[in-house]
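2 protein chains.
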Amino acid sequence: MPECAHLPRPPRLADTLSRSLQEWVRDRRLAEGDRLPTEKQLCEHFGVSRAVVREAIARLQADGYVETRQGLGAFVAAGAGVSRFRIDRPDGATRGDGLREVFELRQLMESGIAELAAARRSKADLSEMKMLLGRMEEALVERRQASELDDAFHLAIAAATRNPLLVRFMEFMGAQIQSSRVPTWDDEGHACGLAAAAHDEHQAMYRAIADGDVMAARRAAAGHLQAAAERLGLAPGERPSRAEHVGS
Amino acid sequence: MPECAHLPRPPRLADTLSRSLQEWVRDRRLAEGDRLPTEKQLCEHFGVSRAVVREAIARLQADGYVETRQGLGAFVAAGAGVSRFRIDRPDGATRGDGLREVFELRQLMESGIAELAAARRSKADLSEMKMLLGRMEEALVERRQASELDDAFHLAIAAATRNPLLVRFMEFMGAQIQSSRVPTWDDEGHACGLAAAAHDEHQAMYRAIADGDVMAARRAAAGHLQAAAERLGLAPGERPSRAEHVGS
DNA sequence: TTTACCTAGTTGTCAGACAAGCAGATAACC
DNA sequence: GGTTATCTGCTTGTCTGACAACTAGGTAAA
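Protein chains in written order, with my numbering: chain B, 1 to 248; chain V, 249 to 496.
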């Protein structure tokens, strides 16, 4: 049975405790620099051993929530909880709740990045994109998996913005939705024309960026992400609870 | 001596070990799913106790690099190293290298968020924004510090998108440039009219969002971020190395 | 008043133990 | 022979107790 179903594992004590501690800090509205209870107090309060408490605190430390000093105690760190950005979704969920939000975030980024890329791209950037497009064309003919090329194409666009931070953010986002890009390029995706559609959209993005047409690049990128979301079965863009909204 | 100089603390064993382990994984080019050495092996190899090894692994786990399963071992996690997004700049750097990139990322996000907010805002969202604008107006008259209100206003716009992920991302970004927002609202900022300028731009954003004018909202947000960058002395938007670029 | 020391409390590290979970081998059953 | 149950060794998860390193604050000596 090579099909790994990723059953929900029983939660670790340290994991649970680190969450509880996080809530505890938030509920008590502890400010930066405030001291947390000592390890011994936490042991008694939660009924676990010191090893568990220490692992929980180590996790919070890794997350940038707290800072510990030997002989003094643990303290709420400066800028607690916002030193890193994380996207947590139910394990392995490739569709449904949360994915829509991720795609919307990505759509915002990609359209802005395409706009910048159209304004700043160099010849080298363009030839890199064209090379990747060519290899995707091959994959399309041979009906091969090419989600890595897909990813690389989007990264090449980000690189053309000359902003390394945007590249890193795209790498991050790419990893988040990597699994959701596979269905476009698998056997069924080729058969249904999903791969061909994605390729057409990529070409449109390339043309706009090569032409230096910033608005067209933005529209092409936004359209590509919109279409990608729809290929995954996400409803086309609209949101619930419109009743409360103001007019149109 | 209240001046806390933040001396470099001696590194913890677990901290050092987690770094070593990370390098070890990279040097050996372990792929996703590959197994790490057992805790006992690591204890012997690095000459530390199991508690230290466990804390180091817990840290890697928190960072999303590895995944452990009781009775099996520790494995390199899928998408290792890109499960979190971090912006690292030299400590406390409020201007100069890197900040320009951060502002550009923020500008992309804000303009897209403002556009969505203009399309989806509810009456409650609008009254929240108006309340914050009113309090900023007071602060403007009384020449008070109001960077928290500034932050809250931007978060209110993000909330109007109905996408909690965008709100979280704005919280994250806000923490990154928090220190850079202070100069606008300090004594000198009030004197030079920086605070007044920011307030005008905020009002323009509010009007566009209230009118439901998506394009005006995008332009207002982009303009606000552009102006904010210029208030900090960042050169107005253009990039180096244009020589290589392709025409205009 | 200043300095040195002492002490209680806290985190960092160590060592050993048992429980829980897993994979593969072995033995029992049809 | 093929299938199922059990056993065994290994690994991680958790517990316990102990000592070292470090800190703040109080106390005694200079």
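No residue lacks a Cβ here, since even glycine has one placed at the ideal position from N, Cα and C.
Check whether the Cβ atoms of residue i and residue j lie closer than 7 Å to each other.
i	j	result
V:Leu265	V:Ala304	yes
B:Ala208	B:Ala220	yes
V:Glu287	V:Arg298	yes
B:Val251	B:Glu110	Residue 251 of chain B lies beyond the stretch modelled for chain B, which goes from 1 to 248, so this question has no answer here.
B:Ala62	V:Asp311	yes
V:Arg509	B:Arg84	Residue coverage of chain V in this structure runs from 249 to 496, which leaves residue 509 of chain V outside it and unanswerable.
V:Leu507	V:Met418	Residue 507 of chain V lies beyond the range of chain V shown here (249 to 496); nothing can be said about it.
V:Arg348	V:Leu482	yes
B:His190	B:Arg231	no
Starting from the C-beta of residue i, find all residues in its chain whose C-beta is less than 7 Å away, skip the five residues before and the five after it, and write them out in chain order.
i	result
V:Leu290	Val301
V:Leu414	Ile361, Ala406
V:Val350	Ile335, Gln424, Ile425
V:Ala262	Val300, Glu303, Ala304, Arg307
V:Ala465	Ala362, Glu363, Ala365, Ala366, Met453, Ala456, Ile457
B:Leu21	Ala56, Leu60
B:Leu30	Val76
V:Ala470	Gln355, Ser359
V:Ala444	Leu388
B:Asp213	Ala118
Using DSSP with H/G/I as helix, E/B as strand and the rest coil, what is residue i?
i	result
V:Leu261	helix
B:Thr184	helix
V:Ala408	coil
V:Ser266	helix
V:Arg479	helix
V:Ser297	coil
B:Arg35	strand
V:Ile305	helix
V:Asp197	Not covered by the structure: residue 197 of chain V. The range shown for chain V is 249 to 496.
B:Ile177	coil
Should residue i go down as buried or exposed, given a rule of 16 or more other Cβ atoms within 10 Å for buried?
i	result
B:Val25	buried
V:Thr209	Because chain V here runs from 249 to 496, residue 209 of chain V falls outside it and cannot be looked at.
B:His45	exposed
B:Pro11	exposed
B:Ser180	buried
V:Gly422	buried
B:Gly134	exposed
V:Leu320	exposed
V:Arg354	buried
V:Glu352	buried
B:Asp211	exposed
B:Asp187	exposed
B:Asp27	exposed
CB-CB under 6 Å to residue i, same chain, minus the five flanking residues each way: which ones, in chain order?
i	result
V:Ala446	Thr432
B:Leu36	Ala74
V:Met377	Ala404, Tyr454
B:Asp34	Val76
B:Ala78	Glu32
Grab me the residues of residue i's own chain with a C-beta within less than 8 Å of its C-beta, minus the 5 sequence neighbours each way, in chain order.
i	result
V:Met384	Ala394, Leu397, Asp398, Phe401, His447, His450
V:Asn411	Leu364
B:Arg69	Phe75
V:Leu473	Phe351, Arg354, Gln355, Glu358, Ser359
V:Gly295	none
Can you give me the start and stop residues for the beta strand (DSSP E) that residue i sits inside?
i	result
B:Val66	66–69
B:Arg86	84–86
B:Leu74	Reading off the sequence shown, one finds Ala at residue 74 of chain B, where the question assumed Leu. Start and end: 73–76.
Looking at the unbroken alpha helix (DSSP H) that takes in residue i, where does it start and where does it end?
i	result
B:Ile113	99–120
V:Gln451	442–459
B:Leu30	No alpha helix (DSSP H) contains B:Leu30, which DSSP labels as neither H nor E.
V:Ala394	Careful: V:Ala394 lies outside any alpha helix (DSSP H) and carries neither H nor E.
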